[in-house]
Structure formats: C-alpha cells, structure tokens
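When the count follows my numbering, it moves up by one through the sequence shown with no breaks and lands on 348 for the last residue.
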Amino acid sequence: MRKSILLLPFILLVASGCSQNHYNVPLKSFASEVRVLGVAPIMTDPGSDIDHPEKKELIALLSEMNRNNESLFVRKLKATGNFFTVAPLDGEPEKIFSRLFFRREKRDDASIQYNKYFWKSEELRDYIRSNNLDAVMLIVVSGIKKTDKISSFTFMNSLTTEYNYLIMTAQIVDADGRVLWEYPNFRSRSISYSPLLNLQYPDFSEAEANHYSKPNAKYKSMEGIRRNLQQKAKDILLRETNEPVAYAGQFNEMISYLKYDNDDAKVQDETLMLKEKQRQRPVSMPAAQGGAATSPPNPEPVAPAPAGK
Numbered sequence: 040m041r042k043s044i045l046l047l048p049f050i051l052l053v054a055s056g057c058s059q060n061h062y063n064v065p066l067k068s069f070a071s072e073v074r075v076l077g078v079a080p081i082m083t084d085p086g087s088d089i090d091h092p093e094k095k096e097l098i099a100l101l102s103e104m105n106r107n108n109e110s111l112f113v114r115k116l117k118a119t120g121n122f123f124t125v126a127p128l129d130g131e132p133e134k135i136f137s138r139l140f141f142r143r144e145k146r147d148d149a150s151i152q153y154n155k156y157f158w159k160s161e162e163l164r165d166y167i168r169s170n171n172l173d174a175v176m177l178i179v180v181s182g183i184k185k186t187d188k189i190s191s192f193t194f195m196n197s198l199t200t201e202y203n204y205l206i207m208t209a210q211i212v213d214a215d216g217r218v219l220w221e222y223p224n225f226r227s228r229s230i231s232y233s234p235l236l237n238l239q240y241p242d243f244s245e246a247e248a249n250h251y252s253k254p255n256a257k258y259k260s261m262e263g264i265r266r267n268l269q270q271k272a273k274d275i276l277l278r279e280t281n282e283p284v285a286y287a288g289q290f291n292e293m294i295s296y297l298k299y300d301n302d303d304a305k306v307q308d309e310t311l312m313l314k315e316k317q318r319q320r321p322v323s324m325p326a327a328q329g330g331a332a333t334s335p336p337n338p339e340p341v342a343p344a345p346a347g348k
C-alpha cells in the first residue's frame, strides 16, 4: 500500500506529460469555463511589415482570402468536440481590428519571430459580452521581416537575406483580458511555426543570365500570390482536395494545439491537486543554529525539579 502511495506522484506526472496542456491556464479550468467560443472574422494588420509594392491590392486580396477560408477553420474547430458552441461572428474585419487593436510587439521567442497583439480591455469586454460568449478567438494575418536562407531547386545556389513574410497569429481571450491560449504556441515540447506565405523569392535565373555575384530578392506578383494562396492540398492518393495548402496548414497546426480529451483535463486537474496537497503538507523544522534541534511537536512531559533549599 505504501509503495502505491509513493508511486502515485510519478504515475500522475507521466500521465500529465503524455497529455500536455497547450493552454495558458489549467486545462480543467478552460474546459469548464469556455463552453461558448466565438471566432471573430480573420483580420489583416495593414500597419505591420507588409512592404509589397502593391500593398493596397495585397491587403484587399488577403481580406478576400481570409473571408473565403473562415468557414473551413470553424468546421475544424467544431470537429474537436471541445466546445458546446463555436460561433462564427459577423462584422467587417477591418472595423473589428480598428476597434479592438491596442498595440503589437515584434517578438523573438525561442528563435520564433512573430507579432504579438494586445487589445483594448473595455472594447474587448464589450465585444465578448455583446455576443454572449465565454471567450473569443482573434486571428490576425500580418507581415514580418526576418533573415532566412533560401536555396535553389538544385541546391547549388542560395541567398541569405531579409525576406518579407505573411504570418498568422491567434489568441483565445476572455472578458477579463486573459490570454487563455495563443499561436504560435510555446507550451509544446517541440516548437514549430511556419509562415503563411513568403512574399519574396531569390531570382537565381536572372543572376545566372546576367552574371551577378548574387541573386536579388524579388516580390511575387499579385497573381502569383493569389495562386499560392489558392493552391489546393492533396490527399494520400494525390487527389486534389478543397482545402488550400497555405490556410489549411495554419489551421491544422492551430487545431493540434487546441484539441484535448476530457481525460486529459481530468489528469491535469488531479496532478494540480496533488501538487497543491504536497505544497500544503507540514514540513519539519530545521535544526536551530548551533546544532540544537527544535522541540518536537508533542514533547514528553518533564518532571518538575525538586524544591530548592
């Protein structure tokens, strides 16, 4: 019996390791508190690092692509079965972003570069409560510049320079402004984060034709960007599906960090309870300075000294 008790912390620790919590709060709390989740229209941040020469047209194209793929993400989120209701919200994404946006920070965490967003507290609270939600999911497409190395198809040439990328970030936030979950997700054992699209490419052919010492990084055309965002994924039989590679890749990655089993939440809760009990367990006092130990909790009664002379 004693061995079983001693092994319990180890068993729960292993179990909790197998059911990793990708949320910023205890999984049990999230599962019980967030039953009605709203999904705001996918927003684009025009003030981020989007340096394409046809930026206005690109922003319009992203708004169109975002709108076309919102229902795909909502279907994937509903399929997790983790929420009582997943409600796609109405409204113009540009107006919603303008209303809620407070500031952005370009972050470099664990070698992952991305834009982290902060929202106006009162406006966010009103937005959640007016839609009768427990929490809302905010997804933003933005631009970022980062240094990368891109090789040619033959791997004979490469160009390391600063490229302009489109990325997708997401947060689940409650009415108190708590970020309950976020993407990119840093609570994973192996952190990965792929951009939505690289807006540039190194022109190896031009460099070779003109004997340049190195290729130039050029921006993709608007039609090329559209084709990249619309390219369909293929199944294991190489048949074309209805899911675009770029958006489905981002959505699948997010869902992998969002989905949980009820058993996972239970194990997480039991582990936290065990840790709390261990924390509250009385600890024996250390020996006093000079080597004298403190008195035990229930000292033996001491016989009174005989009366003095």
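For every residue, glycine included, the Cβ atom is placed at its ideal position computed from N, Cα and C.
Computed from a predicted structure; not experimentally measured.
How is residue i classed by DSSP in three states: helix, strand or coil?
i: S43; result: Only weak support is given to the placement of S43: the predicted model assigns it a pLDDT of 47, under 50, and the question is left unresolved by the model.
i: N107; result: helix
i: K115; result: helix
i: Q59; result: coil
i: D368; result: The structure shown does not extend to residue 368, since the chain is modelled only from 40 to 348, so the question has no answer here.
i: E96; result: helix
i: F225; result: coil
i: I89; result: coil
i: I206; result: strand
i: N267; result: helix
i: S197; result: strand
i: K145; result: strand
i: F140; result: strand
i: L101; result: helix
Quick one: is residue i near chain D, going by C-beta distance under 8 Å?
i: E133; result: The structure shown contains no chain D; it is built from a single protein chain.
Please classify residue i: is it buried, with 16 or more other beta-carbons within 10 angstroms of its beta-carbon, or exposed?
i: L219; result: buried
i: N224; result: buried
i: L277; result: exposed
i: P325; result: Model confidence at P325 stands at a pLDDT of 48, short of 50, so the residue's coordinates are unreliable and nothing is read from them.
i: F192; result: exposed
i: G77; result: buried
i: K134; result: exposed
i: D173; result: buried
i: Y202; result: buried
i: A285; result: buried
i: N105; result: buried
i: Q289; result: buried
i: H250; result: exposed
For the alpha helix (DSSP H) that residue i lies in, which residues bound it at each end?
i: F69; result: 66-72
i: Y286; result: 284-297
i: G151; result: Reading the sequence as shown, one finds Ile at residue 151 and not Gly. Element bounds for I151: not the alpha helix (DSSP H) but the beta strand (DSSP E), 151-158.
i: F243; result: 243-248
If you follow the beta strand (DSSP E) that residue i is part of, which residue opens it and which one closes it?
i: A272; result: 271-273
i: R278; result: Run containing R278: none; DSSP gives neither H nor E here.
i: L177; result: 174-190
i: Y258; result: 256-258
i: G77; result: 75-78
Could you round the C-beta distance between residue i and residue j to whole angstroms and report it? I think they count as a contact, below 8 Å.
i: R146; j: Y153; result: 6 Å
i: I294; j: K115; result: 5 Å
i: Y240; j: K253; result: Incorrect: roughly 14 Å between the Cβ atoms, too far for contact.
i: I206; j: L235; result: 6 Å
i: S227; j: H61; result: 6 Å
i: K298; j: N121; result: 6 Å
Touching by the beta-carbon criterion (3+ pairs, under 8 Å), the region 76-88 and the region 166-180: Enough Cβ pairs lie closer than 8 Å, so yes.
Given 8 Å, three or more beta-carbon pairs between the region 154-171 and the region 186-205: Touching, no, given that fewer than three Cβ pairs across the two stretches are closer than 8 Å.
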